[in-house]
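Numbering of the sequence shown is given in the working numbering, commencing with residue 1 and proceeding in unit increments.
Every residue, glycine too, gets a C-beta built ideally from N, C-alpha and C.
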Amino acid sequence: MAFQKPTINVIKPDIKNLSIYLRSTKKFGKSTLFRDVILEKYGDPSRGLLVGCGNEKGYKMLDNLNATQVKTYKDLQELADWLINEKGKEHNIEMVAFDTGDELALIADTETIRQSNVENPNKKCKSIKAAFGGYTAGEKYSANDIIKPYMTKLEDAGFGVWVIAHTKFKTIKEKGGLEEDGYMQLSSNMGADYEAAFGDIFDVTLTGVIDRDLEEKKVGDKVKKYATDTVRKLYFRGTTLIDAGGRFADGAVPEYMVFDKPNMAADFIRVVEEGMEKSKSTIGKKSTPKKTTPVKEEKVTEPDPIEEDDIDDIDTPVEDTIEETTETSAYPDDLDAVIRKMYKECKDAELKASVKNVIAEYGKLNDVDEDGLKRIYDMMN
């Protein structure tokens, strides 16, 4: 590749200009989101492509989706050549999603083992752990020499690239900490090298979570927890419990968005593209001076003189009052607990549905602020 002279980068707020690493628990709706984004953005399923990898064929129940299947590294190479060379001729694909990342890593591992055996004919191996001498050298080769260049090649050709993956809890240990130090975090189910291959080079890493409200009930001598409500959330920003993040500017996107509709494509595109727009820098840009219109001076009119008998009718300022009045709240102190009880005892299905809609604005009942709780209390009273 020849040297390219530097240019000033300008953010173009279009979702296809982002590479997205999307992970979640199983059956969250990741592939469905990709399909819906294509239809919402372009109105044409042929403008996107879902690539099923290896044994993952998660698109059987997805109607109106452009899909293909790859099982070998040769298939991947032929796919990339076709996408790049035939764009505008045989297809008009703008965005490509690989489902799933862990199956894609297995395809890369098979190619790594093959190349290791070619380079070391006297020391052939059968597993990725032994490839290129072992000690994670095989995994690093798959990640850095196969997966990363492949994804970069597609991005450089102008495609929006997604990789879909699954999640699991991992123990995170900070560098420099004690051996026993660490905390659990929801992250990818792949090894560190493969996780870095996607997490490092992609623009955003999103993590889907199904949040559950739990209620404790005493059954005999035991206390059991029951799920009373579930909320699907897609995290844009990481927390101590959720691994997520991106290259958006601080405050450009919310920590998470609630997935409470059958089709979230329009909301998802809006959040992403608004986040890209808000990530634009205003530093160093010349601002056009605004034309100022002369302000007309208004004549000050003297107030009518107040009759002596009318003085008692004028409201006295609060700070001049001698007696202090104490306000008593019309709401109970433990609003949260009262609302839970009222909701449980409520027989009106329409009212319960209205209450659930209000709660959904915040996420779950635990997230509702004081004003929201008062609003729900007033609805149910």
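Span of the beta strand (DSSP E), counted from its first residue to its last, around residue i
i, result
"alanine 67", "67-70"
"glycine 52", "48-53"
"tyrosine 59", "It is not in any beta strand (DSSP E) - tyrosine 59 carries neither H nor E in the DSSP assignment."
Burial state of residue i, where buried means 16 or more other Cβ atoms lie within 10 Å
i, result
"glutamate 103", "buried"
"arginine 270", "exposed"
"valine 161", "buried"
"valine 10", "exposed"
"glutamate 195", "buried"
"threonine 72", "exposed"
"serine 281", "exposed"
"leucine 83", "buried"
"leucine 373", "buried"
"glycine 52", "buried"
"aspartate 369", "exposed"
"leucine 241", "exposed"
"lysine 41", "buried"
For residue i, the first and last residue of its enclosing alpha helix (DSSP H)
i, result
"aspartate 36", "30-42"
"arginine 114", "101-119"
"serine 279", "No alpha helix (DSSP H) contains serine 279, which DSSP labels as neither H nor E."
"isoleucine 20", "Element bounds for isoleucine 20: not the alpha helix (DSSP H) but the beta strand (DSSP E), 20-24."
"tyrosine 141", "137-141"
"valine 258", "No alpha helix (DSSP H) contains valine 258, which is instead part of the beta strand (DSSP E) from 256-258."
"leucine 351", "349-362"
"isoleucine 339", "335-345"
"glutamine 77", "73-85"
"methionine 151", "148-156"
"arginine 375", "370-380"
Candidates the options: closest to residue i by CA position
i, options, result
"asparagine 263", "Ile113, Asp36, Lys12, Val272", "Asp36"
"asparagine 66", "Asn92, Leu49, Gly43, Gly58", "Leu49"
"tyrosine 21", "Asn92, Lys364, Ala244, Gly52", "Ala244"
"aspartate 63", "Asp44, Asp371, Lys71, Cys53", "Asp44"
"tyrosine 141", "Ile128, Lys153, Gly220, Arg23", "Ile128"
"tyrosine 256", "Ile283, Gln77, Thr205, Ser279", "Thr205"
"methionine 151", "Asp81, Thr110, Lys87", "Asp81"
"glutamate 94", "Lys124, Ser46, Tyr73", "Ser46"
"glutamine 185", "Asn120, Gly238, Asp14", "Gly238"
"aspartate 203", "Gln77, Gly191, Val163", "Val163"
"glutamate 86", "Glu370, Gly158, Met276", "Gly158"
"asparagine 120", "Asp109, Ala108, Gly133", "Gly133"
"glycine 246", "Asn189, Phe198, Lys261, Asp369", "Phe198"
"aspartate 336", "Leu106, Val272, Lys347, Asp378", "Asp378"
"leucine 18", "Gly251, Gly372, Met276", "Met276"
"isoleucine 113", "Met190, Val272, Gly138", "Gly138"
"proline 13", "Ile376, Lys344, Ala252, Ser116", "Ala252"
"leucine 16", "Leu241, Leu154, Tyr331", "Note that residue 16 is lysine in the sequence shown, not leucine. Of the candidates Leu241, Leu154, Tyr331, the one whose C-alpha sits nearest the C-alpha of lysine 16 is Leu154."
"serine 24", "Glu90, His166, Lys341, Cys125", "His166"
"asparagine 381", "Lys74, Ala131, Leu351", "Leu351"
"isoleucine 376", "Lys364, Asp367, Asn366, Val355", "Val355"
"threonine 110", "His91, Ala130, Ala353, Ser188", "Ala130"
Distance cut-off 7 angstroms: residue i Cβ against heavy atoms of the ligand HEM
i, result
"aspartate 334", "As presented, the structure is devoid of all ligands, the ligand HEM included, so that no description of it is given."
Mind the definition here: the region 52-61 touches the region 90-101 only if three or more C-beta pairs lie below 8 angstroms; say whether that holds. yes
Contact between the region 357-372 and the region 230-238 (3+ Cβ pairs under 8 angstroms): yes
How do the region 195-210 and the region 16-31 stand: do at least 3 beta-carbon pairs fall below 8 angstroms, yes or no? yes
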